[in-house]
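As numbered in the UniProt record's numbering, residues 1 to 393 make up the sequence shown, in order.
We put the CB at the ideal spot given by N, CA and C, even for glycine.
The model shown is predicted, which means the values in this text are computed figures rather than measured ones.
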Amino acid sequence: MATTEAAVPAPRRRSLIRPLTFGLTLTAVLALLFGVPWWSLVMSGNQWPTPVAAIGTVLFAAAAVSFPVLMVLGHGRRVDWAARVADTLLGAVWILFVWALAGDLLRLAMLAGGVDDPLRSRITAAFTAVVAAGIGVWGYVEAMRIPRVRRVTVTVPRLGAGLDGLRVVLLTDTHYGPINRARWSRGVTEVVNSLDADIVAHTGDIADGTVAQRTEQAAPLGDVRARMARVYVTGNHEYFGEAQGWLDHMRGLGWEPLHNRHLIVSRGGSELVVAGVDDRTAAGAGLEGHRADHATALAGADPALPVLLLAHQPKQIDAAVAHGIDLQLSGHTHGGQIWPFHYLVRLDQPVVQGLTRHGSRTQLFTSRGTGFWGPPFRVFAPSEITELTLRSS
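Put into structure tokens, the structure is as follows:
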């Protein structure tokens with residue numbers, strides 16, 4: 001009697017390449033971020049007294065070592081005090097890094113002018129420290145202030161005459177998070193209500209954390225007023241926490257979650273489809289029914305009607321063009337938040353901010369965001385509450 005045995009594959013060894021590559025990349029980034037300002041302020045040709053150089057070196061080293069630990073503790077395990085420290089440190093060291101590089105240009109100019117060390121390096125260090133400190137204070141104030149109202153007029157050729165002048169107020173990227181901004185949130189609601197909008201839209205990244213953690217900060221959204229509709233879609237940060245929880249909570253506050261669905265608003269015999277899709281990262285979150293699904297969002301809508309679409313990321317514009325959307329409202333980019341980070345954002349997104357046209361019909365408006373993520377700084381990228389006035393042709 002013949003017998004056969006199935007071949008049992010040998011257990012696959014877990015590759016160390018990816019974690020090793022990640023670790024080396026992280027180390028290199030941290031070395032640059034903390035090393036460049038350390039060299040400019042502490043070492044270089046400054047010739048500071050030994051105790052000064054030693055203290056400066058210890059401070060930079062301690063910050064560089066503790067930063068990843070605080071980030072994991074703060075954003076991985078959601079310990080708010082650690083997140084506050086890590087985020088502030090990240091913003092501060094980015095600003096120092098940028099202006100240390102600018103200081104190096106000054107150093108080269110002085111070298112060409114014959115200024116010798118240690119004077120040359122001490123002037124450079126003073127420039128970096130003073131400018132970075134000034135930029136940091138200003139950036140913090142800009143981040144924490146109630147956003148200014150940005151007014152934009154958009155011509156939507158297919159919009160009926162009865163809806164001419166429709167006013168849409170856009171909130172996005174409020175990022176209620178480790179810094180308690182309940183008072184700020186109330187101030188935002190007061191500004192929105194003063195605009196007497198027809199539609200108020202929130203295009204996601206409502207919070208960093210669970211509903212239970214951020215209930216107080218989100219509560220003022222329940223007081224937002226709109227003549228026709230208050231509508232909301234998820235952003236990518238909802239999928240770091242509890243996306244369905246935020247959809248349910250916003251419904252409880254009286255908003256219409258456009259979870260791949262639409263509604264119709266009408267005035268003066270004219271109608272507008274207001275649709276929304278989940279964030280483009282939703283499909284990878286493992287939540288049943290969560291994905292960006294334009295076909296489902298528009299199912300049953302009259303194709304002759306104009307469509308206003310809420311989609312968190314500008315990168316979702318290609319699908320909007322394919323589905324004949326008239327105007328997409330997005331956020332996500334924060335306008336770069338801290339200059340010159342917008343150059344990196346542009347590598348990932350087709351637009352950083354403002355009104356742009358895509359294809360023959362579709363327009364995209366990208367907000368710089370109402371709040372901020374992580375570092376409590378905004379540098380040359382002011383926050384905004386956007387009032388869009390829609391005009392028919």
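Distance between residue j and residue i (C-alpha atoms, nearest Å)
i      : j      : result
Leu105 : His342 : 21 Å
Gln244 : Phe67  : 31 Å
Ala6   : Gly286 : Here Ala6 scores only 49 on pLDDT, less than 50, and its place in the model is too uncertain to base an answer on.
Leu119 : Gly103 : 14 Å
Val156 : Leu166 : 11 Å
His323 : Ala62  : 52 Å
Val29  : His358 : 35 Å
Ala282 : Ala292 : 7 Å
His312 : Ile264 : 20 Å
Ala100 : Val36  : 7 Å
Leu374 : Ala304 : What sits at residue 374 in the sequence shown is Gly, not Leu. The straight-line gap from Cα to Cα measures roughly 42 Å.
Val345 : Leu298 : 30 Å
Arg148 : Ala112 : 44 Å
Val131 : Pro220 : 37 Å
Val168 : Val231 : 11 Å
Arg225 : Val200 : 8 Å
Trp48  : Arg150 : 48 Å
Ile17  : Leu108 : 40 Å
Asp116 : Met144 : 42 Å
Ala64  : Gly369 : 29 Å
Val93  : Thr203 : 30 Å
Thr57  : Val152 : 49 Å
Same chain, Cβ closer than 8 Å to residue i, five either side skipped, listed in chain order
i      : result
Val379 : Ile95, Ile135, Trp138, Gly139, Glu142, Gln337, Ile338 and Trp339
Thr4   : Confidence in Thr4 is poor, its pLDDT being 46 and thus under 50, which makes the residue's placement unreliable; the coordinate value appears in the next sentence. Contacts found: none.
Ala295 : His323
Buried versus exposed, by CB contacts within 10 Å (16 or more), residue i
i           : result
Gly371      : buried
Glu384      : buried
Thr50       : exposed
Glu190      : exposed
Pro19       : exposed
Ser393      : exposed
Ala2        : With a pLDDT of only 45 at Ala2, under 50, the local geometry of the prediction cannot be trusted, and no value is derived from it.
Gln217      : buried
residue 394 : There is no way to answer for residue 394, as the model of the chain reaches only from 1 to 393.
Phe22       : exposed
Ser266      : exposed
Beta-carbon proximity of residue i to residue j, cut-off 8 Å
i      : j      : result
Pro376 : Asp87  : yes
Thr366 : Ala320 : no
Ala229 : Val192 : no
Ala301 : His259 : no
Gln353 : Lys315 : no
Leu159 : Leu388 : no
Gly276 : Leu310 : yes
Leu332 : Ala381 : Per the sequence shown, residue 332 should be read as His rather than Leu. Their beta carbons are not under 8 Å apart, which means His332 does not touch Ala381 by this criterion.
Gly209 : Arg77  : no
Phe97  : Leu33  : yes
Check: residue i C-beta below 7 Å from any heavy atom of the ligand SAM
i      : result
Arg107 : The ligand content of the structure shown is nil, which means the ligand SAM is not present either.
Closest Cα partner of residue i within the set the options
i           : options                           : result
Arg280      : Val265, Glu271, His262 and Ile317 : Ile317
Met43       : Ile123, Thr25, Gly113 and His294  : Ile123
Leu247      : Gln217, Asp205, Arg267 and Leu41  : Asp205
Leu329      : Val233, Gly91 and Gly252          : Val233
Gly162      : Gly268, Leu41 and Thr21           : Gly268
Ser270      : Pro257, His249, Asn180 and Asp164 : Asp164
residue 418 : Ala31, His294, Phe60 and Gly222   : Residue 418 lies beyond the stretch modelled for the chain, which goes from 1 to 393, so this question has no answer here.
Residues near residue i in its chain [Cβ-Cβ closer than 6 Å; skip 5 each side]
i      : result
Arg214 : Tyr176 and Ala207
Asn236 : Asp279 and Thr281
Leu70  : Ala82, Val85 and Ala86
Pro306 : Val156, Arg158, Leu159, Leu272 and Asp326
Leu90  : Pro375
Cutoff 7 Å; reference residue i; Cβ partners in own chain excluding five residues on either side
i      : result
Tyr239 : Asp279, Thr281, Ala282 and Ala285
His75  : Ala83
Ile146 : Trp184, Gly187, Val188 and Val191
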